[in-house]
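Enquirer:
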Amino acid sequence: YQINFSPVMAGSAPEGTQFDARQFDQKLNEVLEGQDEFFTSYDEVHDSFDVMGLQENLLRGIYAYGFEKPSAIQQRGIVPFCKGLDVIQQAQSGTGKTATFCSGVLQQLDFAIVQCQALVLAPTRELAQQIEKVMRALGDYLGVKVHACVGGTSVREDQRILQAGVHVVVGTPGRVFDMLKRQSLRADNIKMFVLDEADEMLSRGFKDQVCYTYLNHIVLLF
1 YQINFSPVMA
11 GSAPEGTQFD
21 ARQFDQKLNE
31 VLEGQDEFFT
41 SYDEVHDSFD
51 VMGLQENLLR
61 GIYAYGFEKP
71 SAIQQRGIVP
81 FCKGLDVIQQ
91 AQSGTGKTAT
101 FCSGVLQQLD
111 FAIVQCQALV
121 LAPTRELAQQ
131 IEKVMRALGD
141 YLGVKVHACV
151 GGTSVREDQR
161 ILQAGVHVVV
171 GTPGRVFDML
181 KRQSLRADNI
191 KMFVLDEADE
201 MLSRGFKDQV
211 CYTYLNHIVL
221 LF
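For the sequence shown, UniProt numbering gives the first residue as 1, with consecutive numbering after it.
1) So for Val179, helix, strand or coil by DSSP?
2) Hey, Met179 and Leu162 are a contact pair by Cβ (cut 8 Å); roughly how many whole angstroms apart?
3) Under the assumption that Val120 contacts Asp196 (Cβ atoms under 8 Å), give the Cβ distance between them as a whole number of angstroms.
4) Enumerated in chain order, which unbroken segments of the beta strand (DSSP E) with a length of 3 residues or greater are wholly contained in the stretch 129-154?
5) Which residues does DSSP pair with Ala198 in a beta bridge?
6) According to the neighbour-count rule (16 or more other Cβ atoms, all chains shown, within 10 Å of its Cβ), is Ala128 buried or exposed?
7) Evaluate Ile131 with the Cβ neighbour count: other Cβ atoms within 10 Å of its Cβ, from every protein chain shown; 16 or more gives buried, anything less gives exposed.
8) Based on the DSSP output, what are the partners of Leu121 in its beta bridges?
9) Considering only residues of the same chain and omitting the five flanking positions on each side of Ile113, which have a CB-CB separation below 7 Å?
10) Compute the beta-carbon to beta-carbon distance between Leu138 and Asn57, rounded to the nearest angstrom, for a pair I have assumed lies under 8 Å.
11) In the DSSP assignment, what residue or residues form a beta bridge with Asp188?
12) Output the distance between the C-alpha atoms of His46 and Leu109, rounded to the nearest integer angstrom.
13) Measure from the alpha carbon of Thr153 to the alpha carbon of each residue in Val168, Arg175 and Glu44, then state which is nearest.
14) Assuming contact is defined by CB atoms lying nearer than 8 Å, are Ala122 and Val105 in contact in what I supplied?
15) Is any heavy atom in the ligand ADP found nearer than 7 Å to the beta carbon of Leu58?
16) Quick one: give me the first and last residue of the alpha helix (DSSP H) that Val108 is part of.
17) Quick check on Ala164: buried or exposed, where buried means 16 or more other Cβ atoms within 10 Å of its Cβ?
18) Give me the Cβ distance between Thr100 and Gly77, rounded to the nearest whole Å; I'm assuming they're in contact under 8 Å.
19) Taking all protein chains shown into account, do 16 or more other C-beta atoms lie within 10 angstroms of the C-beta of Gln75, making it buried, or fewer, making it exposed?
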């Protein structure tokens, strides 16, 4: 069992400057090439969801989903998201990684603003749709509006839903890039960006397509 977790303080670049691609690439490569079986630069461990400072309605969603006690990655990973830290996390499938970043995203949303505030990218349609279901379930009592932008579905329907307003968009790079180009999805209010399966995503060279073109003003979360 392996968990790699390395948070970097948000806002390390001067306020108002653009995202430093070279610094990001260097940091990501250091993490992905690390040989340690376990490492962390975040020492806080929370063995109960109740002590994480989460909103009551988010806790209701977490428990309704079937969670009773946080897994290892959830014990370390949820609170840094909620504190606005940039994080890189790695864990095996089935350890609660998706619920970790979904909880962090939901905790930080401003539900008074019905515009996209969080963008989650995944390498496949199936994974994106699975993340959407988890996000929707955990945020059920918060009234979160989530939409999956993936290939093989109606472009017009995506445009209609996005124009009506959502809090979170989950999708695959191709369709999300298309929605950004059409300006159906606007990045102005996006404050959280999550890459699932980050090593695979970045190896596909989509950074120039989405990150550097549209999202160079936001903090990246992994």
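Cβ atoms here follow ideal geometry from the backbone N, Cα and C, with glycine treated the same way.
Expert: To lay it out plainly:
1) The residue labelled residue 179 in the question sits at position 179 within the sequence shown. The question names Val, but residue 179 is Met in the sequence shown. In the structure shown, Met179 adopts helical secondary structure according to DSSP, grouped into three states.
2) One-based indexing of the sequence shown puts residue 179 at position 179. One-based indexing of the sequence shown puts residue 162 at position 162. Your pair Met179 and Leu162 checks out as a contact, with CB atoms roughly 6 Å apart and the cut at 8 Å.
3) If you number the sequence shown from 1, residue 120 lands on position 120. If you number the sequence shown from 1, residue 196 lands on position 196. With a contact defined as Cβ atoms closer than 8 Å, Val120 and Asp196 qualify at about 7 Å.
4) Segments of the beta strand (DSSP E) lying fully in the stretch 129-154: 146-149.
5) Locating residue 198 in the sequence shown gives position 198, where the first residue counts as 1. In DSSP, Ala198 forms no bridge with anything.
6) Taking the first residue of the sequence shown as position 1, residue 128 is located at position 128. Ala128 should be labelled buried.
7) Taking the first residue of the sequence shown as position 1, residue 131 is located at position 131. Ile131 should be labelled buried.
8) In the sequence shown, counting from the first residue as 1, residue 121 sits at position 121. Gly171 and Leu195.
9) Position 113 of the sequence shown, counted from the start, is the residue given in the question as residue 113. The answer, listed in chain order, is Asn189.
10) Start at 1 with the first residue of the sequence shown, and residue 138 comes out as number 138. Start at 1 with the first residue of the sequence shown, and residue 57 comes out as number 57. The C-beta separation of Leu138 from Asn57 comes to about 10 Å, leaving the pair out of contact by the 8 Å criterion.
11) Residue 188 sits at position 188 when you count from the first residue of the sequence shown. Asp188 is not bridged to any residue.
12) As a position in the sequence shown, residue 46 is number 46, starting the count at 1. As a position in the sequence shown, residue 109 is number 109, starting the count at 1. Distance between the alpha carbons of His46 and Leu109 is about 22 Å.
13) On the sequence shown, position 153 is the one that residue 153 refers to. The candidate whose alpha carbon is nearest that of Thr153 is Arg175.
14) Position 122 of the sequence shown, counted from the start, is the residue given in the question as residue 122. Position 105 of the sequence shown, counted from the start, is the residue given in the question as residue 105. Against a cut-off of 8 Å, the Cβ pair of Val105 and Ala122 comes out as no contact.
15) No copy of the ligand ADP appears in this structure; indeed no ligand is present at all.
16) Residue 108 sits at position 108 when you count from the first residue of the sequence shown. For the sequence presented, residue 108 should be read as Gln rather than Val. The continuous alpha helix (DSSP H) containing Gln108 extends over residues Lys97 to Gln108.
17) Within the sequence shown, numbered from 1, the residue matching residue 164 stands at position 164. So Ala164 ends up on the exposed side.
18) Translated into positions along the sequence shown, residue 100 becomes position 100. Translated into positions along the sequence shown, residue 77 becomes position 77. Right, the Cβ-Cβ distance comes to about 4 Å (below 8 Å), so this counts as a contact.
19) Mapped onto the sequence shown, residue 75 falls at position 75. Classification of Gln75: buried, given that the 10 Å Cβ count is 16 or more.
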